[in-house]
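Residue numbers (our numbering), protein chains in the order written: chain A, 1 to 184; chain B, 185 to 508. Input: a single structure, listed below in structure tokens.
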Amino acid sequence: MKHSILDLHPYRNACAATCDYERTEGSMNAWGNSFPAEEMPSGRNVAVHGIPFFVMPKSITGDHLESLGQTLPSSVRCPVSGAAFLCCGEMGDQELEIEFRGEKTISIWVRTKGWLVDDKGALRAGTASLVFSHLHYPGDYELSLLRPVIWMHSMPFKEPMYVEKLTLGFNPLFHVFAITLFHS
Amino acid sequence: MHGRILLGARWSFFLPSPESLASLTEYSLPGGVLSFSERIASRTGVKIVQQDGARSSSLFSFLATGQTAIAVVDSFHLPYRPAFGRVHSHRTILVRQGLDPTGVLVEDEWPPAYHGPVPVRCLEAARYSEVPLDPVREPVFAGGKIRGEWFHLEMDGRRPDNPGLWLGEVLISMYEEAVSSARNHDGLYGLCAMSEFLNGLTVAFTASRALQIERLRVASLLLRSELSSRVFMCAFLKTAGKYIEDGPLLVEIDKYYAALAYVQKARDLLIKCLTQDPSKCRQHILDCIAAAIDAEWKLAPAVKKCSEHLLSLRLKTAIPSSSA
């Protein structure tokens with residue numbers, strides 16, 4: 001199985017991770033909480049459950065996507081057999097419809113869990129996700145009572161298909177950090 | 185039926201008057217405790233009793249009887265909360281008598297959930313607190329003084345002689361509550377109030393940012409209380425539907441329950457709009473509420489039909505007995 005990482009750089013529109021000196025910049029929820037930037041693999045490849053992803057570096061527009069109906073081009077020129085996502089839900093579990101267009105059009109629903117878990121939830125999240133050690137608060141402090149998680153979801157297609165582009169549904173509470181397509 | 189399920193015997197939507205809107209909190213019940221409780225109690229015998237907290241000792245006298253109370257608290261004073269010593273925030277927690285006089289046992293289901301002891305001095309500080317609104321750290325669940333209010337449930341232990349008839353009467357009463365419209369000085373009741381809420385929200389999005397934030401905040405609190413009531417209502421209707429083996433009603437309840445996701449999404453996006461540009465979410469929020477209104481009216485005929493069926497059974501049984 002081969003993997004192709006989608007370039008999401010142009011679509012960054014929200015800030016998930018903050019450094020210690022900028023904790024008020026977090027926009028993962030209305031309470032200004034954020035991921036700890038020192039643990040986020042920003043600008044690096046990371047493998048989750050054997051699937052490679054690229055986590056975008058932070059820019060002035062943000063470090064990830066809130067799903068607002070963006071259409072993302074695919075550069076894969078062979079039949080795609082599935083897609084994998086690094087994502088999480090704001091305000092609890094969230095779902096998102098994603099449309100893949102090529103020689104035909106299919107839709108899949110990705111259901112992801114909320115981004116904040118307690119210690120037991122962090123243990124359950126295990127290696128099929130990115131679990132962080134603590135949460136940043138806008139009041140310039142951090143705590144580990146709730147821990148942020150980015151979940152990985154692998155969604156195989158029923159049958160391989162050429163994918164020219166994919167369109168995210170509209171759910172601003174669904175946060176996308178990376179997308180990888182897999183093919184033979 | 186379990187007492188908690190009976191709390192679902194209410195179906196309406198309450199839009200408070202503009203003067204009352206500002207007093208909404210995390211623990212508000214639709215229409216206020218008195219109105220909400222009276223409605224449920226008249227149908228089921230389950231009563232939510234509010235104590236004003238003027239005497240702090242009343243809570244501890246109640247706990248000494250071995251019963252459980254629901255206390256309104258400020259997270260700022262609770263050592264197990266992330267907000268401890270940092271952020272003022274409304275919550276309700278279950279409180280029971282502690283193992284010794286210096287402590288109580290609490291159940292707090294807000295993540296991270298906590299079940300365990302809390303010193304009485306912390307609980308008392310948490311029960312009497314100003315809870316000022318902090319637009320950055322707590323933009324939603326604050327902004328109202330806590331004066332030691334607490335609640336408990338009472339059940340009159342009624343056992344209907346004819347459960348089917350009782351259920352029919354409760355369901356028709358709920359149906360009529362939903363489809364009729366009533367306005368008093370407190371606000372507007374009935375599903376039609378939901379449409380008025382939608383109209384008001386549409387206007388709120390055009391207000392100045394400061395006014396907009398306050399209106400969206402109270403709108404989220406309003407939807408929060410109505411959503412909670414509806415989750416209980418679904419549990420009540422589902423239990424009723426299973427008891428009377430009404431397949432079509434159960435199908436409609438499942439559809440209605442799924443559509444509550446629209447209310448939840450609207451509430452959560454309203455909260456998001458408090459600190460972010462609302463323009464990206466505005467239309468989606470309005471669409472969600474419109475879809476939720478649609479789901480309310482779609483459920484109504486099924487509830488009416490079920491209640492009429494149950495009440496007609498009484499008539500059928502009444503005819504032979506009267507002719508005899």
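Even glycine gets a Cβ: it sits at the ideal position worked out from N, Cα and C. Quick caveat: nothing in here was measured; it's all calculated off a predicted structure.
Same chain only: Cβ atoms within 7 Å of residue i, ignoring 5 sequence neighbours per side
| i | result |
| --- | --- |
| arginine 227(B) | Ala193, Val354, Ser357 |
| cysteine 306(B) | His261, Leu262, Pro263 |
| lysine 329(B) | Glu314, Val315 |
| alanine 508(B) | At alanine 508(B) the pLDDT is 37, less than 50, meaning the model places this residue with poor confidence; the figure from the coordinates comes in the next sentence. If we look at alanine 508(B) and ignore the five residues flanking it on each side, it has no Cβ neighbours. |
| valine 217(B) | Ile232, Gln234 |
| phenylalanine 198(B) | Pro214, Gly215, Gly371, Tyr373, Ala377 |
| isoleucine 108(A) | Ile98, Met155 |
| leucine 458(B) | Pro323, Val324, Ile397, Leu400, Arg401 |
| methionine 339(B) | Gly187, Gly229, Val230 |
Three-way DSSP call (helix, strand, coil) for residue i in this model
| i | result |
| --- | --- |
| proline 504(B) | Residue placement at proline 504(B) is flagged as unreliable, the pLDDT there being 47, under the threshold of 50; the coordinate-derived value follows with that caveat. DSSP places proline 504(B) in helix when its eight states are reduced to three. |
| histidine 299(B) | strand |
| asparagine 13(A) | coil |
| glutamate 159(A) | strand |
| arginine 270(B) | coil |
| tyrosine 137(A) | strand |
| valine 324(B) | coil |
| glutamate 436(B) | helix |
| isoleucine 60(A) | coil |
| lysine 113(A) | coil |
| methionine 378(B) | helix |
| glutamate 66(A) | strand |
| leucine 289(B) | strand |
| leucine 400(B) | helix |
| leucine 283(B) | coil |
| glutamine 94(A) | strand |
| alanine 83(A) | strand |
| tyrosine 373(B) | strand |
Short CB-CB distance (under 8 Å) between residue i and chain A
| i | result |
| --- | --- |
| histidine 261(B) | no |
| serine 505(B) | A caution first: serine 505(B) carries a pLDDT of 43, below 50, which makes its placement in the model unreliable, though a value can still be read off. No - not a single Cβ of chain A is within 8 Å of the one on serine 505(B). |
| cysteine 465(B) | yes |
| glutamate 361(B) | no |
| lysine 329(B) | no |
| isoleucine 469(B) | no |
| threonine 459(B) | yes |
| aspartate 452(B) | yes |
| proline 316(B) | no |
| valine 324(B) | yes |
Within-8 Å CB hit, residue i to chain B
| i | result |
| --- | --- |
| glycine 32(A) | yes |
| proline 10(A) | no |
| aspartate 7(A) | no |
| tyrosine 141(A) | yes |
| phenylalanine 174(A) | no |
| proline 138(A) | yes |
| phenylalanine 170(A) | yes |
| aspartate 118(A) | yes |
| methionine 28(A) | no |
| leucine 72(A) | no |
| leucine 68(A) | yes |
Whole-angstrom distance between residue j and residue i, CA atom to CA atom
| i | j | result |
| --- | --- | --- |
| alanine 476(B) | lysine 58(A) | 38 Å |
| aspartate 430(B) | phenylalanine 420(B) | 14 Å |
| glutamate 436(B) | isoleucine 428(B) | 15 Å |
| glycine 348(B) | histidine 336(B) | 28 Å |
| aspartate 236(B) | glycine 371(B) | 23 Å |
| serine 259(B) | proline 485(B) | 43 Å |
| arginine 412(B) | leucine 317(B) | At residue 412(B) the sequence reads serine, which differs from the arginine that was named. Each residue's Cα considered, the two are about 23 Å apart. |
| isoleucine 179(A) | phenylalanine 35(A) | 19 Å |
| leucine 351(B) | serine 364(B) | 20 Å |
| cysteine 78(A) | proline 462(B) | 40 Å |
| methionine 91(A) | alanine 30(A) | 9 Å |
| alanine 47(A) | glycine 82(A) | 17 Å |
| proline 160(A) | histidine 175(A) | 26 Å |
| lysine 104(A) | valine 80(A) | 12 Å |
| histidine 299(B) | histidine 468(B) | 38 Å |
| lysine 489(B) | serine 496(B) | 10 Å |
Other residues of its chain near residue i: CB distance less than 6 Å, five sequence neighbours each side excluded
| i | result |
| --- | --- |
| proline 504(B) | Any reading at proline 504(B) must be qualified, since the residue scores a pLDDT of 47, below 50, and its modelled position is unreliable; no value is offered. |
| serine 506(B) | With a pLDDT of 42 at serine 506(B), under the threshold of 50, the modelled position of this residue cannot be trusted, and the question is left open. |
| isoleucine 189(B) | Ala419, Phe420, Thr423 |
| threonine 276(B) | Tyr211, Ile254, Val256 |
Cβ-heavy atom distance, residue i to the ligand MG, below 7 Å
| i | result |
| --- | --- |
| aspartate 119(A) | Ligands are entirely absent from the displayed structure, and the ligand MG is therefore not among its contents. |
Chain-order list of residues whose beta-carbon lies under 8 Å from that of residue i (same chain, five-residue window excluded)
| i | result |
| --- | --- |
| serine 42(A) | Ala17, Val55, Met56, Pro57, Lys58, Asp63 |
| threonine 167(A) | Gly69, Gln70, Thr71, Leu72, Ile98, Glu99, Arg101 |
CB contact check: residue i to chain C, cutoff 8 Å
| i | result |
| --- | --- |
| proline 462(B) | This model lacks chain C altogether, as its protein chains are A and B. |
Give the list of continuous alpha helix (DSSP H) stretches no shorter than 4 residues that lie fully inside the stretch 215-266 of chain B. 217-228, 241-248
Which full runs of the alpha helix (DSSP H) of 4+ residues lie inside the stretch 415-490 of chain B, going along the chain? 431-457
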